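Asks: In full-length UniProt numbering, the protein residues as written are 1 to 160.
Mind looking over this structure? Questions follow.
The following block contains the structure:
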């Protein structure tokens, strides 16, 4: 259980960095506002996971969290033809990455919800709320993703 939860905590740490970076990079009002709100929610979710871990007596592994943070930084290094600026594909790829992260988080909440049936240390109501929020986050990200896909890939280009 400790390994499972710490792996999710590391993923949440990397995901939080991605959400923050994506929110700061978006200069359009609506998308940036949505991402800033989602970044705050993702931080709250990571804190909720840490609280659940504490309730279960599972310490957070700072080394794993650091690896999640570093993995997000390493994910920025890709040959996309833009060294110092954002690629036209950045919004799309980031939205897809964030969607994958939220999907993984939702899977963790579902797993813990199953375990809550036999472990009173796991807060069923809180897990239900976290799962609902993950579903709302997925819907918001899908809207951003589809907008970015239409905007980016509908344009004829050989470098995207």
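Every residue, glycine too, gets a C-beta built ideally from N, C-alpha and C.
This structure is a prediction, so every number in the text was calculated from the model and none was measured.
Mark residue 1 as exposed unless 16 or more other C-beta atoms lie within 10 angstroms of its C-beta, in which case mark it buried.
Replies: Burial call: exposed.
Asks: Below 8 Å between beta carbons: does that hold for residue 133 and residue 41?
Replies: Yes, the pair counts as a contact, with Cβ atoms nearer than the cut-off.
Asks: Suppose the cutoff is 8 Å on Cβ atoms and the five residues either side in sequence are ignored; what does the same chain contact list for residue 16 look like?
Replies: So the list reads 39, 42, 43, 46, once near-sequence residues are dropped.
Asks: Alpha carbon to alpha carbon, how far is residue 88 from residue 158? Give it in angstroms, no decimals.
Replies: At residue 158 the pLDDT is 49, less than 50, meaning the model places this residue with poor confidence; the figure from the coordinates comes in the next sentence. Taking the straight line from one Cα to the other gives about 12 Å.
Asks: Looking only at its own chain, which residues have a Cβ that is under 8 Å from the Cβ of residue 145, when we skip the five neighbours before and after it?
Replies: The answer, listed in chain order, is 92, 95, 96, 99.
Asks: Suppose contacts are defined by Cβ-Cβ distances below 8 Å. Is residue 135 in contact with residue 106 by that definition?
Replies: Contact: yes.
Asks: Looking at residue 48: is its Cβ nearer than 8 Å to the Cβ of residue 141?
Replies: No.
Asks: By DSSP, does residue 154 sit in helix, in strand, or in coil?
Replies: The answer is coil: DSSP assigns residue 154 none of H, G, I, E or B.
Asks: Buried or exposed: where does residue 62 fall if 16 or more other Cβ atoms within 10 Å of its Cβ makes it buried?
Replies: By the neighbour-count rule (16 or more Cβ atoms within 10 Å), residue 62 is not buried but exposed.
Asks: Let me confirm a value: residue 33 is counted as buried when at least 16 other C-beta atoms fall within 10 Å, else exposed. Which label applies?
Replies: Exposed, because fewer than 16 other Cβ atoms sit within 10 Å of the Cβ of residue 33.
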